[in-house]
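Take a look at the structure set out below.
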Amino acid sequence: MGVNYVPTIGIEVHAQLNTESKMYCACSTAFGDPPNTHTCPVCLGLPGSLPRVNYRSVILGIITARALGCTIPIVAQFARKNYFYPDLPKGYQISMYQFPIGIEGKLDLLDDYGEFADGVGIERVHLEEDTAKLFHESEGVSFIDYNRAGVPLIEIVSRPDITSAHEASKYLKELRRLLKFLGISNANMEEGSFRCEVNISLRPENSERFGTKIEIKNLNSFRAVERSIEYEIERQTAIYRKGELVKHETRGWDEKEGVTVHQRFKEKAPEYRYFPEPDLPDLILDSSVCAEASLDIETIPVRKVRSLIGRFGVPTQSADLLMSGIGAPEDNPYFVADFFEEAVERHRAQGTAAVNLLTGIVFEHLRKTGVTLDQTDLTPVKLAEITKMIAREELSSTTAKMVLNIILNEGGKVQDIVVREGLVQVSDEDELVKMVKEIIEENPQIVDSIKKGKTNAIGALVGLAMKKSGGQANPKRVNEILQDLLINKK
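Per our numbering, the sequence shown runs over residues 3 to 492.
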């Protein structure tokens, strides 16, 4: 058997910042407008034009660095990154190099049990400008849209702490959620406002020495990230096992073929000839500047998820759903989680029932209709009232969903709907026994199979009883009565 190899993975993320104007000029950052309508001498790199720093981007950069637990230096410095490509009108990009806006942080992650895991180290956070967008047509013709040139970017460089495709995807999903929830970026992968590049190498299992690193580009989905990493692990393993060397290169992901393809051999930092940007002063990140970049640590999404798990006993997957942004208005991604907390804390909703209803029937309705939770007639008070009626066995899970559906589609008060629709759960013993006996008489084949030992078939009779009662029968008591009449009867 050959040597086993361990992947070492680091990820660079570029996210467009939520600003109205570009990084170094006053042009709009609006997406989807006609090509080359948001340009000026600065973002087109015309001679004599001078950049001016977008202060809002600096504040958003500091907030990001703080959320990632980075050290904020006293001085940050812009630098020119020199290279030639058609999408770079100046012939250089104004970025940061030696003195970024944040260093040495960590993105916290939760394990499958909802506890804090080791997380992924963050090497640096810095600001830079985006490039123009190239459109390659047939017959060697390309078009350039300079609307994107100069849009503020934040680059987040992880440490090589990731060891699998699954971990890489988990890291990116959590980082994207952090940027969206804190209002740093809309992080829309389809619009290109959240882009990533993967650096991956393999090393022998018992060696601490890193292998040759390759970079993967053209990754426009989390699935593409996972598939490209899995492919590269196989490709590099095969190369090493043949006794050959992996080349230091940049490769692109071909989604259709499911492979990475060579793009170019990788440049090193000296080849970019970085030097301090002469047209911009250093950023002095003193206490007055940092005070404008305030951050409540408990609003960091992963901490909010952990709080839902710890304080309310919400399962990890359900807590993630409450904090997924599903059903939340664009300007308040915390809305659904806060809605749940208010229902439980202020109005004494039953936590398990509340989270199940929210992430089940409510989310299903929101997905189908395209509305957000705040646009419906459902309130924390109404949700709490429904869960209390379930706990008192006045509503079954079926009738509770019926009430919710009416509120979501038509509106109304819980008690009024229950009375109007005749949905109060039947728990009267004599009435239930009478109905169960009728079900038994009407279904001799199912009864016979139960008496022969197939006790799971009782579930079918419970279902028939619920159907017969229009969902009003107490399913727990129906099951108990069936058990007494068919199994426990001596």
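Yeah, the Cβ is synthetic: ideal placement off N, Cα and C, and Gly gets one too.
Whole-Å CB distance - residue i paired with residue j, under 8 Å assumed
i: F118; j: L174; result: No, F118 and L174 are not in contact; Cβ-Cβ is about 18 Å, not under 8 Å.
i: L155; j: G107; result: Contact flag wrong, Cβ pair sits at about 18 Å.
i: I74; j: A81; result: About 18 Å separates the two Cβ atoms, so there is no contact after all.
i: V426; j: Q474; result: 7 Å
i: V8; j: T239; result: V8 to T239, Cβ: 10 Å. No contact.
i: L410; j: L385; result: In fact, because the Cβ distance is near 11 Å, the residues do not count as touching under 8 Å.
i: T10; j: N56; result: With 8 Å as the limit, T10 and N56 do not qualify as a contact, their Cβ atoms being about 36 Å apart.
i: R308; j: L112; result: 6 Å
i: A339; j: K390; result: Going by Cβ atoms, the distance from A339 to K390 rounds to 21 Å, so no, they are not a contact pair.
i: D288; j: I64; result: Not a contact, Cβ separation roughly 11 Å.
i: P88; j: I146; result: 6 Å
i: D114; j: T318; result: 7 Å
Contact under 7 Å by Cβ, residue i with residue j
i: M25; j: S59; result: yes
i: H40; j: N208; result: no
i: G213; j: L204; result: yes
i: A462; j: I442; result: no
i: V346; j: E387; result: no
i: V304; j: L310; result: no
i: P382; j: E344; result: yes
i: V121; j: L129; result: Sequence check: residue 121 is Gly here, not Val. No, these two residues do not count as a Cβ contact at 7 Å.
i: I216; j: R253; result: yes
i: E14; j: V127; result: no
i: N476; j: V464; result: no
i: G152; j: K92; result: no
i: N222; j: G12; result: no
i: G1; j: R161; result: No statement about residue 1 is possible, as the shown extent of the chain runs from 3 to 492 and does not include it.
i: A189; j: A17; result: yes
i: V261; j: S171; result: no
i: C72; j: I96; result: no
i: L493; j: P53; result: The first residue shown for the chain is 3 and the last is 492, placing residue 493 beyond what the model contains.
i: G327; j: T374; result: no
i: K219; j: E236; result: no
i: V405; j: I419; result: yes
i: P331; j: D376; result: yes
i: I231; j: A167; result: yes
i: L488; j: I452; result: yes
i: R394; j: L434; result: no
i: F337; j: L324; result: no
i: V263; j: D256; result: yes
i: S187; j: L19; result: yes
Buried or exposed by the 16-neighbour rule on C-beta atoms within 10 Å, applied to residue i
i: G4; result: exposed
i: K182; result: buried
i: K492; result: The predicted position of K492 is uncertain, since its pLDDT is 47 and thus under 50; a value taken from the coordinates is nonetheless stated next. Answer is exposed; the Cβ neighbour count stays below 16.
i: F86; result: exposed
i: S296; result: exposed
i: G2; result: This structure gives no information on residue 2, because the portion of the chain shown stretches from 3 to 492.
i: H367; result: buried
i: R197; result: buried
i: L62; result: buried
i: A134; result: buried
i: E535; result: Because the chain in this structure spans residues 3 to 492, residue 535 falls outside the shown range and cannot be described.
i: L136; result: exposed
i: R348; result: exposed
i: K244; result: exposed
i: A321; result: buried
i: N6; result: exposed
i: S471; result: buried
i: D132; result: buried
i: E176; result: buried
i: V421; result: exposed
i: A293; result: exposed
i: A459; result: buried
i: T180; result: According to the sequence provided, residue 180 is Leu. The question's Thr does not apply to it. Looking at its Cβ environment, which holds 16 or more other Cβ atoms inside 10 Å, L180 is buried.
i: D163; result: buried
i: E444; result: exposed
Closer than 6 Å: residue i CB and nearest the ligand PLP heavy atom
i: N407; result: No copy of the ligand PLP occurs in the structure displayed, which carries no ligand at all.
Counting beta carbon pairs with one atom in the region 433–440 and one in the region 354–365, are three or more of them shorter than 8 Å?
no
Three CB pairs or more closer than 8 Å across the region 82–102 and the region 276–284:
Result yes; three or more Cβ-Cβ pairs closer than 8 Å.
Could you pull out every unbroken alpha helix (DSSP H) segment of at least 4 residues lying fully inside the region 175–248, listed in chain order?
224–243
Residue ranges of each beta strand (DSSP E) within the region 8–89, 3 or longer
80–84
As an exercise, report each continuous alpha helix (DSSP H) stretch of at least 4 residues that is fully enclosed by the region 430–484, in chain order.
431–444, 446–453, 460–470
Note down, one range per segment and in chain order, each beta strand (DSSP E) of at least 3 residues found wholly within the region 113–154.
122–131, 135–138, 144–147
Ranges of the alpha helix (DSSP H) found wholly within the region 294–333, counting only runs of at least 4
Within the region 294–333, the complete alpha helix (DSSP H) runs of at least 4 residues are 303–314, 318–324.
Runs of alpha helix (DSSP H) wholly within the region 368–402 (minimum 4 residues, chain order)
382–393
Unbroken alpha helix (DSSP H) runs of length 4 or more, entirely within the region 248–293: which are they?
289–293
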